[in-house]
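J.: The opening residue of the sequence shown carries number 457 in my numbering; numbering runs sequentially from there.
Yeah, the Cβ is synthetic: ideal placement off N, Cα and C, and Gly gets one too.
Here the structure is a predicted model, which means the values were calculated and not measured.
Got a structure here, written out as C-alpha coordinates. Questions coming.
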Amino acid sequence: MPNGAQILIEGLVDAGVDMCFAHPGTSATHIVAALDDVPRMRPVLCLFEGVATGAADGYARIAGKPACTLLHLGPGLANGLANLDNARRAGTPVVNLVGDHAPRHQRLDASLESDLISLARTVSGWTRRTYQATDLAVDVAEAVAAAYGPPGSVATLVVPADVSSSEADKSSGTGRGEVPGTRPGTRTRPGAVSSAAVAAAAEVLRSGEPAVLLLGSVATHGPGLHAAARVAAATGARLLCESFPARLERGAGLPPVERLAHGTADAYTQLAGVRHLLLAGTTTPVAFFAHPEPHGRPVPDGCEVRSLAEGTEDVTAALEELAGAFDPPSPVPQKPLRPERPTGQLTAESAAAAIGALLPEGAIVVDESNTSGLWLPDATAGAPPHDWLPLTGGAIGQGLPAAVGAALAAPDRRVLALEADGSAMYGPQALWTMAREELDVTVVVFDNRAYSALSRELMSAGADPDGEWAADLLELSRPDLDFVGLARAMGVPAEQATTADEFTAILGRALAEPGPYLVDCDVPPAG
(Lines of atoms letter the chains of each structure in order from A and count residues from 1; the text may use other names and numbers.)
(Lines give C-alpha, C1' and ligand atoms only; values in the text may rest on other atoms or scores of the structure.)
Protein backbone atom coordinates (compact mmCIF):
# COMPACT_ATOMS: atom_id res chain seq x y z
CA MET A 1 0.00 0.00 0.00
CA PRO A 2 1.46 3.42 -0.89
CA ASN A 3 2.25 6.02 1.71
CA GLY A 4 1.03 9.60 1.65
CA ALA A 5 4.15 10.92 -0.07
CA GLN A 6 3.77 8.48 -2.95
CA ILE A 7 0.08 9.39 -3.30
CA LEU A 8 1.11 13.05 -3.34
CA ILE A 9 3.69 12.71 -6.12
CA GLU A 10 1.49 10.38 -8.18
CA GLY A 11 -1.37 12.87 -7.91
CA LEU A 12 0.81 15.69 -9.17
CA VAL A 13 2.14 13.84 -12.21
CA ASP A 14 -1.33 12.48 -13.02
CA ALA A 15 -2.49 16.12 -13.09
CA GLY A 16 0.35 17.08 -15.45
CA VAL A 17 2.75 18.59 -12.88
CA ASP A 18 6.07 16.85 -13.54
CA MET A 19 8.72 19.42 -12.52
CA CYS A 20 9.62 19.99 -8.86
CA PHE A 21 11.98 22.75 -7.72
CA ALA A 22 13.12 21.55 -4.32
CA HIS A 23 14.85 22.91 -1.28
CA PRO A 24 13.88 20.02 0.97
CA GLY A 25 14.12 19.65 4.71
CA THR A 26 13.51 17.11 7.46
CA SER A 27 9.74 17.57 7.32
CA ALA A 28 9.73 16.38 3.69
CA THR A 29 12.00 13.33 3.87
CA HIS A 30 9.26 10.91 2.82
CA ILE A 31 8.37 13.17 -0.11
CA VAL A 32 12.02 13.17 -1.20
CA ALA A 33 12.09 9.38 -1.01
CA ALA A 34 8.85 9.15 -3.02
CA LEU A 35 10.54 10.90 -5.95
CA ASP A 36 12.44 7.65 -6.57
CA ASP A 37 9.19 5.69 -6.47
CA VAL A 38 7.47 7.98 -9.01
CA PRO A 39 10.17 8.62 -11.63
CA ARG A 40 7.88 10.68 -13.87
CA MET A 41 8.50 13.69 -11.60
CA ARG A 42 11.77 15.54 -12.33
CA PRO A 43 13.28 17.08 -9.20
CA VAL A 44 15.66 20.04 -9.47
CA LEU A 45 17.71 20.99 -6.42
CA CYS A 46 17.86 24.67 -5.51
CA LEU A 47 20.18 25.99 -2.80
CA PHE A 48 17.72 28.60 -1.55
CA GLU A 49 13.94 28.65 -1.38
CA GLY A 50 13.73 31.94 -3.30
CA VAL A 51 15.45 30.21 -6.21
CA ALA A 52 12.93 27.35 -6.09
CA THR A 53 9.91 29.66 -6.11
CA GLY A 54 11.34 31.97 -8.78
CA ALA A 55 12.23 29.00 -10.95
CA ALA A 56 8.69 27.65 -10.65
CA ASP A 57 7.40 31.05 -11.81
CA GLY A 58 9.75 31.15 -14.83
CA TYR A 59 8.93 27.56 -15.75
CA ALA A 60 5.17 28.08 -15.73
CA ARG A 61 5.33 31.34 -17.70
CA ILE A 62 6.92 29.45 -20.60
CA ALA A 63 5.46 25.95 -20.18
CA GLY A 64 1.90 27.19 -19.65
CA LYS A 65 1.41 24.71 -16.80
CA PRO A 66 2.39 24.62 -13.13
CA ALA A 67 5.61 23.43 -11.62
CA CYS A 68 5.68 22.54 -7.94
CA THR A 69 8.06 23.61 -5.21
CA LEU A 70 9.13 21.56 -2.21
CA LEU A 71 9.80 23.72 0.83
CA HIS A 72 10.53 23.12 4.52
CA LEU A 73 8.14 24.43 7.18
CA GLY A 74 7.18 28.08 7.67
CA PRO A 75 10.71 29.56 7.53
CA GLY A 76 11.36 27.76 4.24
CA LEU A 77 8.16 29.15 2.78
CA ALA A 78 9.04 32.60 4.13
CA ASN A 79 12.37 32.50 2.28
CA GLY A 80 10.45 31.99 -0.96
CA LEU A 81 7.69 34.56 -0.44
CA ALA A 82 9.15 37.39 -2.55
CA ASN A 83 9.20 35.40 -5.78
CA LEU A 84 5.84 33.86 -4.94
CA ASP A 85 4.47 37.39 -4.73
CA ASN A 86 5.88 38.03 -8.22
CA ALA A 87 4.13 34.85 -9.39
CA ARG A 88 0.89 36.01 -7.79
CA ARG A 89 1.06 39.33 -9.61
CA ALA A 90 1.86 37.57 -12.88
CA GLY A 91 -1.05 35.14 -12.56
CA THR A 92 1.43 32.26 -12.73
CA PRO A 93 0.20 28.78 -11.77
CA VAL A 94 2.45 27.39 -9.02
CA VAL A 95 1.84 24.54 -6.57
CA ASN A 96 3.76 24.81 -3.30
CA LEU A 97 4.31 21.68 -1.22
CA VAL A 98 5.35 22.63 2.28
CA GLY A 99 6.43 19.96 4.73
CA ASP A 100 5.29 20.59 8.29
CA HIS A 101 5.63 19.15 11.77
CA ALA A 102 3.24 16.39 12.76
CA PRO A 103 0.31 17.89 14.74
CA ARG A 104 1.39 16.15 17.94
CA HIS A 105 4.75 17.95 17.64
CA GLN A 106 3.25 21.33 16.73
CA ARG A 107 1.70 21.51 20.20
CA LEU A 108 5.19 21.53 21.72
CA ASP A 109 6.18 24.74 19.87
CA ALA A 110 9.23 23.02 18.44
CA SER A 111 11.93 24.80 16.49
CA LEU A 112 10.74 26.09 13.09
CA GLU A 113 7.09 25.97 14.19
CA SER A 114 5.15 28.97 12.82
CA ASP A 115 1.74 30.10 11.62
CA LEU A 116 2.41 28.53 8.25
CA ILE A 117 -1.08 28.92 6.80
CA SER A 118 -1.09 32.66 7.54
CA LEU A 119 2.24 33.02 5.75
CA ALA A 120 0.93 31.07 2.78
CA ARG A 121 -2.20 33.19 2.48
CA THR A 122 -0.15 36.34 1.84
CA VAL A 123 0.77 35.02 -1.62
CA SER A 124 -1.64 32.15 -2.30
CA GLY A 125 -5.03 32.10 -3.93
CA TRP A 126 -5.65 28.67 -2.37
CA THR A 127 -4.29 27.08 0.81
CA ARG A 128 -4.96 23.81 2.59
CA ARG A 129 -3.42 21.60 5.26
CA THR A 130 -3.91 17.87 4.83
CA TYR A 131 -4.59 15.98 8.07
CA GLN A 132 -5.00 12.43 6.74
CA ALA A 133 -3.14 10.54 4.05
CA THR A 134 -6.49 9.37 2.69
CA ASP A 135 -7.28 13.00 1.79
CA LEU A 136 -4.12 13.62 -0.21
CA ALA A 137 -5.38 12.47 -3.61
CA VAL A 138 -8.28 14.91 -3.45
CA ASP A 139 -6.21 17.73 -1.96
CA VAL A 140 -3.51 17.46 -4.63
CA ALA A 141 -6.08 17.49 -7.42
CA GLU A 142 -7.75 20.54 -5.89
CA ALA A 143 -4.40 22.31 -5.52
CA VAL A 144 -3.50 21.84 -9.19
CA ALA A 145 -6.96 22.93 -10.33
CA ALA A 146 -6.72 26.04 -8.15
CA ALA A 147 -3.27 26.88 -9.55
CA TYR A 148 -4.59 26.75 -13.11
CA GLY A 149 -7.45 29.11 -12.20
CA PRO A 150 -8.39 31.11 -14.19
CA PRO A 151 -6.65 33.29 -13.47
CA GLY A 152 -3.53 31.34 -12.62
CA SER A 153 -2.49 31.55 -9.00
CA VAL A 154 -0.26 30.15 -6.28
CA ALA A 155 -1.73 27.12 -4.49
CA THR A 156 -0.07 26.01 -1.26
CA LEU A 157 -0.59 22.55 0.21
CA VAL A 158 0.81 21.94 3.69
CA VAL A 159 1.69 18.29 4.31
CA PRO A 160 2.59 17.28 7.89
CA ALA A 161 5.35 14.70 8.22
CA ASP A 162 3.06 12.02 9.67
CA VAL A 163 0.69 12.39 6.70
CA SER A 164 3.58 11.82 4.26
CA SER A 165 4.73 8.71 6.09
CA SER A 166 1.32 7.09 6.72
CA GLU A 167 0.13 4.30 4.47
CA ALA A 168 -3.25 4.81 2.82
CA ASP A 169 -5.52 3.68 0.04
CA LYS A 170 -5.65 6.74 -2.19
CA SER A 171 -9.14 5.79 -3.39
CA SER A 172 -10.58 6.01 0.13
CA GLY A 173 -10.46 9.77 0.57
CA THR A 174 -13.25 11.81 2.06
CA GLY A 175 -13.66 13.85 -1.09
CA ARG A 176 -13.69 17.09 0.91
CA GLY A 177 -13.67 20.16 -1.23
CA GLU A 178 -15.86 18.58 -3.87
CA VAL A 179 -18.57 20.67 -5.48
CA PRO A 180 -21.74 18.63 -6.07
CA GLY A 181 -21.79 17.30 -9.61
CA THR A 182 -18.04 17.72 -10.21
CA ARG A 183 -14.95 15.60 -9.83
CA PRO A 184 -12.34 16.74 -7.32
CA GLY A 185 -9.70 18.79 -9.11
CA THR A 186 -11.83 19.61 -12.13
CA ARG A 187 -10.26 22.60 -13.87
CA THR A 188 -12.43 25.67 -14.30
CA ARG A 189 -12.84 26.92 -17.85
CA PRO A 190 -12.50 30.65 -18.51
CA GLY A 191 -15.86 32.38 -18.47
CA ALA A 192 -17.35 33.55 -21.74
CA VAL A 193 -17.44 37.29 -22.29
CA SER A 194 -20.95 38.54 -23.00
CA SER A 195 -21.83 39.67 -26.50
CA ALA A 196 -23.03 42.92 -24.93
CA ALA A 197 -19.52 43.63 -23.60
CA VAL A 198 -17.99 42.99 -27.02
CA ALA A 199 -20.62 45.15 -28.73
CA ALA A 200 -20.01 47.99 -26.27
CA ALA A 201 -16.27 47.79 -26.90
CA ALA A 202 -16.84 47.84 -30.67
CA GLU A 203 -19.05 50.90 -30.33
CA VAL A 204 -16.34 52.71 -28.37
CA LEU A 205 -13.75 51.90 -31.02
CA ARG A 206 -16.04 53.03 -33.83
CA SER A 207 -16.47 56.43 -32.20
CA GLY A 208 -13.26 57.71 -33.74
CA GLU A 209 -12.14 59.13 -30.41
CA PRO A 210 -8.55 58.37 -29.33
CA ALA A 211 -8.48 54.89 -27.82
CA VAL A 212 -5.91 52.54 -26.30
CA LEU A 213 -6.27 48.77 -26.06
CA LEU A 214 -4.30 47.81 -22.94
CA LEU A 215 -3.26 44.14 -22.90
CA GLY A 216 -2.37 41.72 -20.13
CA SER A 217 -2.46 38.00 -19.33
CA VAL A 218 -2.77 35.82 -22.46
CA ALA A 219 -3.36 38.87 -24.66
CA THR A 220 0.37 39.59 -24.73
CA HIS A 221 1.31 36.44 -26.63
CA GLY A 222 -0.10 33.85 -29.02
CA PRO A 223 -3.58 34.11 -30.59
CA GLY A 224 -4.69 36.80 -28.15
CA LEU A 225 -1.93 39.16 -29.26
CA HIS A 226 -2.67 38.57 -32.95
CA ALA A 227 -6.40 39.20 -32.40
CA ALA A 228 -5.61 42.44 -30.58
CA ALA A 229 -3.41 43.52 -33.50
CA ARG A 230 -6.31 42.95 -35.91
CA VAL A 231 -8.54 45.14 -33.75
CA ALA A 232 -5.92 47.89 -33.71
CA ALA A 233 -5.43 47.67 -37.49
CA ALA A 234 -9.17 48.00 -38.08
CA THR A 235 -9.89 50.82 -35.64
CA GLY A 236 -6.70 52.84 -35.26
CA ALA A 237 -6.59 52.11 -31.53
CA ARG A 238 -3.11 52.09 -30.05
CA LEU A 239 -1.80 48.83 -28.63
CA LEU A 240 -0.18 49.03 -25.21
CA CYS A 241 0.46 46.33 -22.65
CA GLU A 242 1.04 46.32 -18.92
CA SER A 243 4.31 47.81 -17.70
CA PHE A 244 5.41 44.35 -16.56
CA PRO A 245 3.49 41.66 -18.45
CA ALA A 246 4.10 38.07 -17.40
CA ARG A 247 5.17 37.11 -20.92
CA LEU A 248 5.43 39.38 -23.96
CA GLU A 249 5.93 37.87 -27.42
CA ARG A 250 7.79 40.32 -29.62
CA GLY A 251 10.28 40.77 -32.45
CA ALA A 252 10.36 40.86 -36.23
CA GLY A 253 7.19 39.61 -37.91
CA LEU A 254 5.09 39.95 -34.74
CA PRO A 255 2.64 42.71 -33.74
CA PRO A 256 4.60 45.55 -32.15
CA VAL A 257 3.29 46.41 -28.67
CA GLU A 258 4.53 49.29 -26.57
CA ARG A 259 4.72 48.74 -22.82
CA LEU A 260 3.05 51.24 -20.54
CA ALA A 261 5.77 53.28 -18.87
CA HIS A 262 6.75 52.32 -15.35
CA GLY A 263 7.09 55.92 -14.19
CA THR A 264 3.80 57.65 -13.43
CA ALA A 265 4.73 60.89 -15.19
CA ASP A 266 5.85 58.98 -18.29
CA ALA A 267 2.66 56.91 -18.28
CA TYR A 268 0.59 60.10 -18.11
CA THR A 269 2.48 61.35 -21.16
CA GLN A 270 1.81 58.11 -23.04
CA LEU A 271 -1.91 58.30 -22.31
CA ALA A 272 -2.33 62.05 -22.83
CA GLY A 273 -5.38 62.81 -24.97
CA VAL A 274 -6.75 59.25 -24.76
CA ARG A 275 -10.54 59.23 -24.34
CA HIS A 276 -11.07 55.48 -24.06
CA LEU A 277 -8.91 52.90 -22.28
CA LEU A 278 -10.09 49.39 -23.14
CA LEU A 279 -8.74 46.64 -20.86
CA ALA A 280 -8.13 43.10 -22.14
CA GLY A 281 -6.84 40.68 -19.51
CA THR A 282 -5.64 43.42 -17.18
CA THR A 283 -6.88 46.03 -14.72
CA THR A 284 -6.72 49.81 -14.56
CA PRO A 285 -3.03 50.73 -14.23
CA VAL A 286 -1.77 51.81 -10.83
CA ALA A 287 1.36 53.81 -9.98
CA PHE A 288 4.09 51.73 -8.34
CA PHE A 289 4.42 54.12 -5.40
CA ALA A 290 2.49 57.03 -3.90
CA HIS A 291 4.91 59.80 -4.72
CA PRO A 292 3.73 63.43 -4.74
CA GLU A 293 1.63 62.86 -7.87
CA PRO A 294 -2.02 63.70 -7.09
CA HIS A 295 -3.46 60.41 -8.38
CA GLY A 296 -2.53 56.79 -7.85
CA ARG A 297 -3.69 55.83 -11.35
CA PRO A 298 -1.95 57.31 -14.43
CA VAL A 299 -5.21 57.76 -16.34
CA PRO A 300 -5.91 61.24 -17.73
CA ASP A 301 -9.00 63.16 -16.73
CA GLY A 302 -11.89 62.57 -19.10
CA CYS A 303 -10.67 59.10 -20.10
CA GLU A 304 -13.31 56.37 -19.85
CA VAL A 305 -11.93 53.03 -18.65
CA ARG A 306 -13.82 49.94 -19.80
CA SER A 307 -13.03 46.24 -19.36
CA LEU A 308 -13.48 43.96 -22.36
CA ALA A 309 -12.42 40.79 -20.54
CA GLU A 310 -11.16 40.15 -17.02
CA GLY A 311 -8.70 37.55 -15.80
CA THR A 312 -11.39 34.96 -15.06
CA GLU A 313 -12.80 35.31 -18.59
CA ASP A 314 -11.71 34.01 -21.98
CA VAL A 315 -9.61 36.99 -23.03
CA THR A 316 -8.47 35.49 -26.33
CA ALA A 317 -12.02 34.61 -27.42
CA ALA A 318 -13.19 38.11 -26.51
CA LEU A 319 -10.48 39.73 -28.64
CA GLU A 320 -11.18 37.40 -31.55
CA GLU A 321 -14.90 38.18 -31.36
CA LEU A 322 -14.11 41.90 -31.19
CA ALA A 323 -11.86 41.61 -34.25
CA GLY A 324 -14.70 39.81 -36.03
CA ALA A 325 -16.92 42.85 -35.53
CA PHE A 326 -14.75 44.71 -38.04
CA ASP A 327 -13.29 44.05 -41.46
CA PRO A 328 -9.69 44.53 -40.45
CA PRO A 329 -6.83 44.97 -42.86
CA SER A 330 -3.76 42.86 -42.21
CA PRO A 331 -1.82 44.25 -39.24
CA VAL A 332 1.58 45.71 -40.01
CA PRO A 333 4.15 43.50 -38.26
CA GLN A 334 7.38 44.66 -36.72
CA LYS A 335 10.05 45.00 -39.41
CA PRO A 336 13.35 43.15 -39.03
CA LEU A 337 15.90 45.63 -37.74
CA ARG A 338 19.10 45.12 -35.79
CA PRO A 339 21.49 47.74 -34.40
CA GLU A 340 25.06 47.86 -35.63
CA ARG A 341 27.49 46.03 -33.40
CA PRO A 342 28.84 48.72 -31.09
CA THR A 343 32.46 49.67 -30.54
CA GLY A 344 34.22 51.96 -28.10
CA GLN A 345 32.89 52.82 -24.66
CA LEU A 346 30.78 50.25 -22.85
CA THR A 347 27.58 51.81 -21.49
CA ALA A 348 24.12 50.47 -20.84
CA GLU A 349 23.12 51.94 -24.22
CA SER A 350 25.95 50.29 -26.19
CA ALA A 351 25.35 47.02 -24.34
CA ALA A 352 21.70 47.14 -25.42
CA ALA A 353 22.83 47.61 -29.02
CA ALA A 354 25.05 44.52 -28.77
CA ILE A 355 22.19 42.49 -27.33
CA GLY A 356 19.88 43.64 -30.13
CA ALA A 357 22.52 42.78 -32.72
CA LEU A 358 23.11 39.25 -31.38
CA LEU A 359 19.82 38.09 -29.86
CA PRO A 360 19.11 34.63 -31.35
CA GLU A 361 15.77 33.60 -32.81
CA GLY A 362 13.46 31.98 -30.30
CA ALA A 363 15.35 33.35 -27.31
CA ILE A 364 13.68 33.79 -23.94
CA VAL A 365 14.80 37.05 -22.33
CA VAL A 366 14.41 37.25 -18.56
CA ASP A 367 14.71 40.94 -17.82
CA GLU A 368 15.70 42.26 -14.41
CA SER A 369 18.07 44.89 -15.76
CA ASN A 370 16.20 47.76 -14.08
CA THR A 371 17.71 51.18 -14.90
CA SER A 372 20.39 49.66 -17.15
CA GLY A 373 17.65 48.27 -19.37
CA LEU A 374 16.19 51.60 -20.50
CA TRP A 375 17.58 51.17 -24.04
CA LEU A 376 16.71 47.49 -24.45
CA PRO A 377 13.13 47.78 -25.83
CA ASP A 378 14.18 49.87 -28.83
CA ALA A 379 17.40 47.94 -29.45
CA THR A 380 15.63 44.55 -29.54
CA ALA A 381 12.27 45.46 -31.11
CA GLY A 382 13.31 44.25 -34.58
CA ALA A 383 15.37 41.26 -33.47
CA PRO A 384 14.16 37.77 -34.46
CA PRO A 385 11.02 36.60 -32.62
CA HIS A 386 11.53 36.04 -28.90
CA ASP A 387 9.74 36.05 -25.54
CA TRP A 388 10.33 38.70 -22.91
CA LEU A 389 9.75 37.92 -19.21
CA PRO A 390 9.87 41.13 -17.14
CA LEU A 391 10.01 41.54 -13.38
CA THR A 392 6.27 41.19 -12.84
CA GLY A 393 5.44 42.10 -9.26
CA GLY A 394 8.48 44.25 -8.58
CA ALA A 395 10.16 42.10 -5.89
CA ILE A 396 13.76 42.00 -7.08
CA GLY A 397 15.64 38.72 -7.14
CA GLN A 398 13.46 37.05 -9.76
CA GLY A 399 15.79 37.13 -12.77
CA LEU A 400 18.32 34.35 -12.18
CA PRO A 401 15.80 31.90 -10.67
CA ALA A 402 13.23 32.56 -13.41
CA ALA A 403 15.92 31.91 -16.02
CA VAL A 404 16.47 28.46 -14.49
CA GLY A 405 12.78 27.65 -14.79
CA ALA A 406 12.43 29.04 -18.31
CA ALA A 407 15.42 27.00 -19.52
CA LEU A 408 13.94 23.80 -18.11
CA ALA A 409 10.57 24.58 -19.68
CA ALA A 410 12.13 25.10 -23.13
CA PRO A 411 15.43 23.19 -23.33
CA ASP A 412 15.66 23.81 -27.09
CA ARG A 413 15.75 27.60 -26.67
CA ARG A 414 18.49 29.95 -25.48
CA VAL A 415 17.68 31.91 -22.31
CA LEU A 416 19.26 35.34 -21.84
CA ALA A 417 19.08 36.65 -18.27
CA LEU A 418 19.66 40.39 -18.07
CA GLU A 419 20.48 41.27 -14.47
CA ALA A 420 21.14 44.38 -12.46
CA ASP A 421 24.04 43.85 -10.07
CA GLY A 422 22.05 44.51 -6.91
CA SER A 423 19.21 42.24 -8.02
CA ALA A 424 21.65 39.47 -8.96
CA MET A 425 22.79 39.24 -5.35
CA TYR A 426 19.30 38.19 -4.20
CA GLY A 427 19.57 34.77 -5.82
CA PRO A 428 23.12 34.00 -6.97
CA GLN A 429 22.62 30.39 -5.86
CA ALA A 430 20.65 29.97 -9.10
CA LEU A 431 23.98 29.95 -10.94
CA TRP A 432 24.86 26.66 -9.23
CA THR A 433 21.61 25.09 -10.42
CA MET A 434 22.31 26.34 -13.97
CA ALA A 435 25.69 24.62 -13.86
CA ARG A 436 24.39 21.42 -12.29
CA GLU A 437 21.57 21.08 -14.82
CA GLU A 438 23.79 22.25 -17.73
CA LEU A 439 21.22 24.84 -18.76
CA ASP A 440 21.65 27.01 -21.86
CA VAL A 441 21.44 30.30 -19.96
CA THR A 442 23.57 33.32 -20.76
CA VAL A 443 23.65 35.79 -17.88
CA VAL A 444 24.56 39.44 -18.40
CA VAL A 445 25.13 41.37 -15.17
CA PHE A 446 24.98 45.14 -15.63
CA ASP A 447 27.68 45.94 -13.09
CA ASN A 448 27.35 49.65 -12.24
CA ARG A 449 28.14 49.26 -8.51
CA ALA A 450 25.04 51.13 -7.43
CA TYR A 451 21.36 50.86 -6.64
CA SER A 452 20.57 53.33 -9.45
CA ALA A 453 16.83 52.62 -9.30
CA LEU A 454 16.74 53.78 -5.67
CA SER A 455 18.54 57.01 -6.56
CA ARG A 456 15.76 57.75 -9.04
CA GLU A 457 13.09 56.89 -6.48
CA LEU A 458 14.67 59.19 -3.90
CA MET A 459 14.61 62.04 -6.40
CA SER A 460 10.99 61.25 -7.30
CA ALA A 461 10.11 61.49 -3.62
CA GLY A 462 11.81 64.85 -3.36
CA ALA A 463 14.70 63.54 -1.24
CA ASP A 464 18.42 64.12 -1.77
CA PRO A 465 20.20 60.97 -3.02
CA ASP A 466 23.61 62.63 -2.63
CA GLY A 467 23.58 62.99 1.14
CA GLU A 468 26.49 61.26 2.87
CA TRP A 469 24.52 58.39 4.38
CA ALA A 470 22.00 58.13 1.56
CA ALA A 471 24.79 57.84 -1.01
CA ASP A 472 26.54 55.25 1.13
CA LEU A 473 23.43 53.06 1.18
CA LEU A 474 23.07 53.26 -2.60
CA GLU A 475 26.65 52.33 -3.60
CA LEU A 476 27.73 48.71 -4.08
CA SER A 477 31.38 49.22 -3.18
CA ARG A 478 33.93 48.65 -0.39
CA PRO A 479 34.42 45.98 -1.69
CA ASP A 480 33.29 45.81 -5.32
CA LEU A 481 31.33 42.69 -6.18
CA ASP A 482 33.33 40.10 -8.15
CA PHE A 483 30.73 38.49 -10.40
CA VAL A 484 33.31 36.58 -12.42
CA GLY A 485 34.70 34.98 -9.27
CA LEU A 486 31.21 34.36 -7.90
CA ALA A 487 30.05 32.64 -11.09
CA ARG A 488 33.15 30.47 -11.35
CA ALA A 489 32.73 29.43 -7.72
CA MET A 490 29.24 28.22 -8.67
CA GLY A 491 30.57 26.27 -11.67
CA VAL A 492 29.60 28.81 -14.36
CA PRO A 493 32.26 30.09 -16.81
CA ALA A 494 32.49 33.88 -16.74
CA GLU A 495 34.34 36.86 -18.17
CA GLN A 496 34.26 40.60 -17.62
CA ALA A 497 33.85 43.13 -20.44
CA THR A 498 35.03 46.72 -20.06
CA THR A 499 34.59 47.94 -23.67
CA ALA A 500 31.76 47.59 -26.16
CA ASP A 501 34.03 45.54 -28.43
CA GLU A 502 34.83 43.10 -25.61
CA PHE A 503 31.20 42.81 -24.57
CA THR A 504 30.03 42.07 -28.11
CA ALA A 505 32.69 39.42 -28.62
CA ILE A 506 32.13 37.70 -25.25
CA LEU A 507 28.33 37.81 -25.58
CA GLY A 508 28.54 36.26 -29.05
CA ARG A 509 30.63 33.37 -27.73
CA ALA A 510 28.40 32.89 -24.71
CA LEU A 511 25.24 32.70 -26.82
CA ALA A 512 26.82 30.20 -29.19
CA GLU A 513 28.22 27.76 -26.63
CA PRO A 514 26.10 25.15 -24.82
CA GLY A 515 25.62 25.47 -21.09
CA PRO A 516 25.56 28.52 -18.83
CA TYR A 517 27.87 31.52 -19.12
CA LEU A 518 28.07 34.82 -17.24
CA VAL A 519 29.21 38.13 -18.71
CA ASP A 520 30.10 40.87 -16.23
CA CYS A 521 29.16 44.03 -18.14
CA ASP A 522 31.13 46.87 -16.54
CA VAL A 523 28.99 49.97 -17.13
CA PRO A 524 28.55 53.36 -15.47
CA PRO A 525 25.24 54.07 -13.71
CA ALA A 526 22.52 55.05 -16.18
CA GLY A 527 21.55 58.70 -16.22
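#1: Please name the residue, chosen from Tyr907, Glu958, Leu974 and Ala723, that lies closest to Gly941 on a Cα-to-Cα basis.
#2: Hey, is Gln801 close to the ligand GTP, as in C-beta under 7 Å from one of its heavy atoms?
#3: Three or more beta-carbon pairs under 8 Å between the stretch 943-959 and the stretch 880-889, yes or no?
#4: Around the Cβ of Ala566, are there at least 16 other Cβ atoms within 10 angstroms (buried) or fewer (exposed)?
#5: Given this structure, state the Cα-to-Cα distance separating Ser786 from Leu775, to the nearest angstrom.
#6: Out of Ala859, Glu958 and Gly829, which has the shortest C-alpha to C-alpha gap to Ala909?
#7: Please confirm if the stretch 696-714 is in contact with the stretch 758-768, defined as three or more CB-CB distances below 8 Å between the two stretches.
#8: Rounded to whole angstroms, what's the CA-CA distance from Ile573 to Ala906? Just pull it up for me.
#9: Note the first and the last residue of the continuous alpha helix (DSSP H) segment covering Ile820.
#10: Return the residue from the list Val901, Arg869, Pro741 and Ala611 that minimises the CA-CA distance to Pro970.
#11: Taking buried to mean at least 16 other C-beta atoms within 10 Å of its own C-beta, is Asp625 buried or exposed?
#12: Contact defined as beta carbons within less than 8 Å: I believe Asp976 pairs with Ala953. What is the distance between those atoms, to the nearest angstrom?
#13: Could you spell out where the beta strand (DSSP E) holding His528 opens and where it closes?
#14: Quick check: the stretch 864-882 against the stretch 479-494, are there 3 or more CB pairs under 8 Å?
#15: So the candidates are Glu824, Thr836 and Asp470; which of them puts its Cα closest to the Cα of Val596?
#16: Can you find the residues in the same chain that come closer than 6 Å, C-beta to C-beta, to Pro846, ignoring five residues on each side of it along the sequence?
#17: Bridge partners of Ala950, per DSSP?
#18: Counting pairs of beta carbons, one from the stretch 833-840 and one from the stretch 849-865, are three or more of them closer than 8 Å?
#19: By alpha-carbon positions, which one of Ala658, Thr738, Val897 and Ala721 ends up nearest to Gly780?
#20: For Leu575 and Pro789, I'd like the C-alpha separation in whole angstroms.
#21: In whole angstroms, give me the CA-to-CA distance for Pro559 and Ala461.
#22: Whole angstroms are fine: how far does the CA of Gly800 sit from the CA of Lys521?
#23: With DSSP collapsed to three states, give me the class of Phe744.
#24: What does DSSP give as the partner residues of Met475 in its beta bridges?
#25: When you compare each of Trp831, Val897, Asn826 and Ser806 to Ile820 by their alpha carbons, which one comes out closest?
#26: Which full runs of the beta strand (DSSP E) of 3+ residues lie inside the stretch 863-928, going along the chain?
#27: Out of Leu727, Thr612 and Thr738, point me to the one whose CA is closest to Pro756's CA.
#28: I believe Ala688 touches Leu681 by the beta-carbon criterion, under 8 Å. Please report the beta-carbon distance rounded to the nearest angstrom.
#29: Could you give the residue range of the beta strand (DSSP E) that holds Arg584?
#30: Could you tell me which uninterrupted alpha helix (DSSP H) segments, each at least 4 residues in length, are contained entirely in the stretch 670-725, listed from first to last along the chain?
#31: Decide if Glu466 is buried, meaning its Cβ has at least 16 other Cβ atoms within 10 Å, or exposed.
#32: Do Phe959 and Ala723 have their beta-carbon atoms positioned less than 8 Å apart in this structure?
T.: So, from the data block:
#1: Leu974
#2: Of the ligands one can find in the structure shown there are none, so the ligand GTP has no counterpart to examine.
#3: yes
#4: exposed
#5: 15 Å
#6: Gly829
#7: no
#8: 37 Å
#9: Taken as a continuous stretch (DSSP letters only), Ile820 belongs to no alpha helix (DSSP H), being part of the beta strand (DSSP E) at Ile820 to Glu824.
#10: Arg869
#11: exposed
#12: Approximately 7 Å separates the beta-carbon atoms of Asp976 and Ala953; this is inside 8 Å, confirming the contact.
#13: Ala523 to His528
#14: no
#15: Asp470
#16: Phe700 and Asp823
#17: In the DSSP secondary-structure assignment, Ala950 is bridged to Leu974.
#18: Here the stretch 833-840 makes no contact with the stretch 849-865; the two share fewer than three CB pairs at distances below 8 Å.
#19: Ala658
#20: 45 Å
#21: Whole-angstrom Cα-Cα distance: 17 Å.
#22: Straight-line Cα distance between these residues: approximately 44 Å.
#23: coil
#24: Arg498
#25: Val897
#26: Fully enclosed beta strand (DSSP E) runs of 3 or longer: 871-876 and 897-903.
#27: Leu727
#28: Rounded, the Cβ-Cβ distance is 11 Å, inconsistent with contact.
#29: Trp582 to Arg585
#30: 678-691
#31: buried
#32: no
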